[in-house]
Amino acid sequence: MSEIKNIGLVCEGGGQRIVHTAGILDFFLENNVHFPYVIGVSAGASNSLSYISRQIGRNRIVDIQFAKDRRYSSFRNFLRDGSVFGMKFLFDEIPNHLVPFDYETYFNSSTEHVIGATICETGKTEYFYKKNLTKKKNLMDIAIASCSLPFMGRIKEFNGKNYLDGGISDPIPIRKAIEDGYEKNVVLLTQNDNYRKESFKNFNLLKKLFKGYEGIEEIMNNRHIVYNDTLDFLKKLEEDGKVFIFRPDDLQQVGRTTKDSKKLKKLFNQGYSLANERMNELTEWISSS
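With the UniProt record's numbering, you'll find the sequence shown wraps up at 289, consecutive numbering, no jumps.
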């Protein structure tokens, strides 16, 4: 595929459902589909790292082969560190030792990468740009901030601020991509077409765990409204030819913390196959832009 210009790539999070996105991204890499701008939150941010570093198969290894490793996710992690997902294992031991991340290719890439994380004090999203990063460690710190799920993870402190999962405040950052100048975008979702988010119920626990963080209380109260409004916005953009959306048809019973490698492989393969099936359609859509 010839060089893509003026089209962004937007990646939703979704825990282990992200293997669907991983399959699509691997197909993109194998077919030289590279976007000038990539924005993601939560697992969408962490998976897009390997896409920009052009490491085919890396997400598949990390997301599937390590899924049953209790260092990856376990109740033991939660009791010891306050996080179901082992953040040090995921963002230190794996990228720096077990499945090395290609920092050089990532930072030398012309692709702009934007990672969103939620500021606990305000409930607003802060967006971190690759072009503004100067240290490798900062990149992984920001990835941790974007992936720190409420109730399942700890608040991440970075540069004097406290952060949680970027998907809380901006679950599908399409508006930010448009704000940054990309009026047309490919969007990778991790829920099927009929999904709508329900309102949050457990406010007593929320107030207890996040006492003093009014921003988190507010955004969790409105999270379903923000998410469903974004879906409606995407539908309008799709009708206008402004977005090209990939979404799973069948989640294969994969949830946020699924460890079953067979289910994860099926969902990964579904994403890969979907990208293959729609490649000609995508190429035509890109050409029309």
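Positions of the beta carbon are idealized from the N, C-alpha and C atoms, including for glycine.
Quantities reported herein were computed from a predicted structural model and do not represent experimental measurements.
Let's test the definition: count the other Cβ atoms within 10 Å of the Cβ of residue i and tell me whether it reaches 16, buried, or not, exposed.
{"i": "THR21", "result": "buried"}
{"i": "PHE210", "result": "buried"}
{"i": "ARG58", "result": "buried"}
{"i": "ASP193", "result": "exposed"}
{"i": "THR125", "result": "buried"}
{"i": "PHE203", "result": "exposed"}
{"i": "ARG223", "result": "buried"}
{"i": "ASP229", "result": "exposed"}
{"i": "HIS97", "result": "exposed"}
{"i": "ASP250", "result": "exposed"}
{"i": "THR190", "result": "buried"}
Between which two residues does the alpha helix (DSSP H) harbouring residue i extend?
{"i": "HIS224", "result": "214-239"}
{"i": "PHE78", "result": "75-81"}
{"i": "PHE107", "result": "103-108"}
{"i": "GLU281", "result": "279-287"}
{"i": "residue 301", "result": "No information on residue 301 is available, as it lies outside the stretch 1 to 289 that the chain covers here."}
{"i": "LEU139", "result": "136-147"}
Nearest to residue i by alpha carbon, out of the options?
{"i": "GLY8", "options": "ILE24, ASN159, TYR37", "result": "TYR37"}
{"i": "SER110", "options": "VAL10, LEU139, LYS130", "result": "LYS130"}
{"i": "LEU264", "options": "PHE28, LEU29, LYS68, SER46", "result": "LYS68"}
{"i": "SER42", "options": "ASN32, VAL10, LYS207, PHE27", "result": "VAL10"}
{"i": "ILE216", "options": "PHE151, ASP249, GLU238, THR230", "result": "PHE151"}
{"i": "ASN185", "options": "ILE219, GLY166, PHE233, PHE200", "result": "PHE233"}
What residue range is occupied by the uninterrupted beta strand (DSSP E) comprising residue i?
{"i": "GLY255", "result": "GLY255 -> no beta strand (DSSP E), and no H or E assigned at all."}
{"i": "GLY167", "result": "GLY167 -> not in any beta strand (DSSP E); alpha helix (DSSP H) instead, spanning 166-169."}
{"i": "PHE158", "result": "156-158"}
{"i": "VAL243", "result": "243-246"}
Per DSSP, what kind of secondary structure is residue i in: helix, strand or coil?
{"i": "ASN204", "result": "helix"}
{"i": "LYS197", "result": "coil"}
{"i": "ILE61", "result": "helix"}
{"i": "HIS34", "result": "coil"}
{"i": "CYS120", "result": "coil"}
{"i": "GLU126", "result": "strand"}
{"i": "TYR182", "result": "coil"}
{"i": "PHE85", "result": "strand"}
{"i": "LYS5", "result": "coil"}
Under the assumption that residue i contacts residue j (Cβ atoms under 8 Å), give the Cβ distance between them as a whole number of angstroms.
{"i": "GLY44", "j": "GLY13", "result": "5 Å"}
{"i": "ALA117", "j": "LEU49", "result": "That pair is no contact at about 14 Å."}
{"i": "LEU25", "j": "ASN47", "result": "6 Å"}
Can you check whether the C-beta of residue i is within less than 9 Å of a C-beta belonging to chain C?
{"i": "ASN96", "result": "The displayed structure is made up of one protein chain only, and chain C is not part of it."}
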